[in-house]
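Protein chains: 2
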Amino acid sequence: MLSTTPRTTLGRSKHRGLTDREDLYAVLDAGLVCHLGVVVDGAPMVVPTGYGRIGDTLYLHGSTGATSLRGTGDVCVTVTHLDGVVLARSVFHHSLNYRSAMIYGPLRPVEEDEERLAGLRAITEQLAPGQWDAAREPTRKELAATSVLALSLAEASVKVRQGPPLDDEEDYALPIWAGVLPLHSAWGVPEADPAMTMDLDVPKHITSRIMPIR
Amino acid sequence: MLSTTPRTTLGRSKHRGLTDREDLYAVLDAGLVCHLGVVVDGAPMVVPTGYGRIGDTLYLHGSTGATSLRGTGDVCVTVTHLDGVVLARSVFHHSLNYRSAMIYGPLRPVEEDEERLAGLRAITEQLAPGQWDAAREPTRKELAATSVLALSLAEASVKVRQGPPLDDEEDYALPIWAGVLPLHSAWGVPEADPAMTMDLDVPKHITSRIMPIR
């Protein structure tokens with residue numbers, strides 16, 4: 001079960017809330033980037049950034065100088081998937097089908113070498129499965145230039161909307177087309193780096209991704 | 001030209017910053033949702049939400065009770081498009097190709113009827129072009145339940161990464177495939193609401209969207 005702190009208890013659209021920890025994992029594991037919200041000088045700052053998950057911990061990384069990772073206090077990490085535009089009979093009931101997760105908590109700087117490497121591996125594999133083993137691993141200097149931060153998944157909420165529009169009763173009689181325009185994401189054909197000096201096949205762990213993803 | 005306040009001046013990856021107002025419009029106009037960051041009780045909250053643009057004003061809306069729209073002080077609105085995963089020869093240089101915009105400023109509650117309607121129309125048309133005219137317009141009651149908020153585009157930054165990986169000089173000799181795995185978004189086949197009681201064709205303003213979008 002997910003937490004029920006005031007800020008993870010949905011005030012509106014309660015029926016869209018999911019409460020299983022597995023629902024949270026599913027939304028997170030399907031994503032490429034999150035939107036990280038931090039408070040800088042009293043004002044919010046929202047940056048898109050990669051992430052990885054190990055169990056009930058989310059890992060983020062960045063340059064040691066990054067403003068967004070320097071703060072103290074809680075952050076909010078949001079992951080959103082758009083699945084379609086909901087076309088209702090009334091303007092008011094237009095909506096989106098989506099899956100989203102919000103996680104609240106403080107960022108814990110990861111100092112220990114083993115956890116730092118595990119976190120970076122999770123972040124790389126989230127974006128590009130198989131690449132940690134395929135590419136050159138980080139050097140000591142690269143590791144020193146990288147902040148790794150951990151966020152507990154203890155305080156989180158998940159919200160999902162799916163299915164057709166929900167119109168007002170009397171509007172169903174209107175001669176207006178209603179339904180969902182689905183939105184899909186798909187990988188394209190890999191584009192080799194023009195600077196590649198060798199004739200190498202695209203590795204199987206990359207080509208195997210090229211199918212529609214939802 | 002875009003603004004050059006401290007928070008819209010890129011500290012890192014300066015070469016990825018674009019400074020034309022048209023670049024900002026292009027990123028915003030291509031999006032479906034933004035991530036709105038607000039500060040609630042001192043902590044950040046990041047919510048995905050629709051938006052629309054009229055000139056140099058961004059419009060947001062929500063229930064009059066929504067926590068995310070009740071605050072005072074500045075907000076941060078971020079719009080992100082993911083264009084591909086950048087597969088480098090080293091783990092360290094893995095990246096994403098993306099286009100993103102960040103806008104800072106206070107939300108101005110829109111009180112005047114004409115601007116409220118124009119803002120709502122822009123939000124609806126951003127999500128579903130043509131639907132404002134096709135669907136039933138908002139009633140007085142629906143309008144009363146809706147907050148419309150305006151955010152000036154005066155303080156904004158745009159960041160874009162495109163193209164192949166940039167590896168360290170000595171890594172180009174490694175026998176590792178490098179390049180970009182492009183990511184595309186595409187509309188699927190419209191799904192009619194099963195509750196539709198009439199046999200209506202899908203309108204042209206909807207079918208005309210069904211082509212690959214970037």
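Protein sequences appear in the order of chains F and L. In terms of UniProt numbering, the first sequence opens at residue 1 and continues consecutively. In terms of UniProt numbering, the second sequence opens at residue 1 and continues consecutively. Ideal Cβ positions, reconstructed from N, Cα and C, are used throughout, including at glycine.
- Note that the region 61–72 of chain L does not touch the region 150–158 of chain L; fewer than 3 beta-carbon pairs, one per stretch, sit closer than 8 Å.
- Counting only runs of 3+ residues, the beta strand (DSSP E) found wholly inside the region 62–124 of chain L occupies 74–87 and 95–106, in chain order.
- Taking 7 Å as the cut-off between beta carbons, the residues of the region 10–40 of chain L near chain F are 11, 12, 32, 33, 35, 37, 38 and 39, in sequence order.
- Annotation: residue 184 (chain F) is outside any alpha helix (DSSP H); the continuous beta strand (DSSP E) that includes it extends over 179–187.
- Taking CB atoms only, residue 54 (chain F) has no neighbour in chain L less than 8 Å away.
- Taking 8 Å as the Cβ-Cβ cut-off, the region 74–92 of chain L approaches chain F at 74, 75, 76, 77, 78, 80, 82, 84, 85, 87, 88, 89, 90, 91 and 92, given in chain order.
- Restricting attention to F:170, F:56 and F:136, the CA atom closest to the CA of residue 26 (chain F) is found in F:56.
- Scanning the region 5–57 of chain F for uninterrupted alpha helix (DSSP H) segments of 4 residues or longer gives 21–29, listed from N- to C-terminal end.
- Between the alpha carbons of residue 86 (chain L) and residue 78 (chain F) lies a gap of roughly 22 Å.
- Taking 8 Å as the CB threshold, residue 171 (chain L) lines the interface with chain F.
- Between residue 142 (chain L) and chain F, the shortest Cβ-Cβ separation is below 8 Å.
- Residue nearest to residue 54 (chain F) within the set F:121, F:210, F:101 and F:1 is F:121 (criterion: CA-CA distance).
- DSSP links residue 159 (chain F) through a beta bridge to F:17 and F:100.
- One thing to note: residue 37 (chain F) has its Cβ no nearer than 8 Å to the Cβ of residue 159 (chain F).
- Contact of residue 61 (chain L) with chain F is not assigned, every C-beta pair being separated by 8 Å or more.
- A Cβ of chain F is located within less than 8 Å of the beta carbon of residue 185 (chain L).
- Inclusion of residue 81 (chain L) and residue 30 (chain L) in the CB contact set at 8 Å is warranted, their separation being smaller than that value.
- Secondary structure of residue 197 (chain L) (DSSP, three-state): coil.
- One thing to note: residue 91 (chain L) has its Cβ within 8 Å of the Cβ of residue 124 (chain F).
- The distance from the Cβ of residue 198 (chain F) to that of residue 175 (chain L) is about 6 Å, consistent with a contact at the 8 Å cut-off.
- Below the 7 Å Cβ cutoff, chain L contributes 164, 165, 178 and 179 as neighbours of residue 193 (chain F), in chain order.
- At a Cβ-Cβ threshold of 8 Å, residue 115 (chain F) and residue 8 (chain F) do not count as neighbours.
- In this structure, residue 191 (chain F) places its C-beta atom within 8 Å of the C-beta atom of residue 179 (chain L).
- Of the candidates F:43, F:19, F:67 and F:34, F:34 places its Cα closest to the Cα of residue 52 (chain F).
- Taken atom to atom, the span from the alpha-carbon of residue 177 (chain F) to that of residue 203 (chain L) is near 7 Å.
- Counting C-beta atoms within 10 angstroms of its own C-beta, residue 109 (chain F) has fewer than 16 neighbours from the protein chains shown and is therefore classed as exposed.
- Neighbours of residue 202 (chain L) across chain F, judged by C-beta separation under 8 Å: 177 and 179.
- In this structure residue 126 (chain L) is buried. Its beta-carbon is surrounded by 16 or more other beta-carbon atoms within 10 angstroms.
- Shown here, residue 137 (chain F) sits in coil according to DSSP, grouped into three states, outside any helix or strand.
- By the C-beta density criterion, residue 162 (chain F) is exposed, having fewer than 16 other C-beta atoms within 10 angstroms.
- The beta-carbon of residue 116 (chain L) is placed no less than 8 Å from the nearest beta-carbon of chain F.
- In the three-state reduction of the DSSP assignment, residue 144 (chain L) falls in the helix class, which pools H, G and I.
- In this structure, the alpha-carbon of residue 72 (chain L) lies about 23 Å from that of residue 103 (chain F).
- A check of alpha carbon separations from residue 147 (chain L) across L:206, L:83 and L:67 identifies L:67 as the nearest.
- DSSP places residue 127 (chain F) in the helix class (H, G or I) of the three-state scheme.
- Taking 8 Å as the CB threshold, residue 104 (chain L) lines the interface with chain F.
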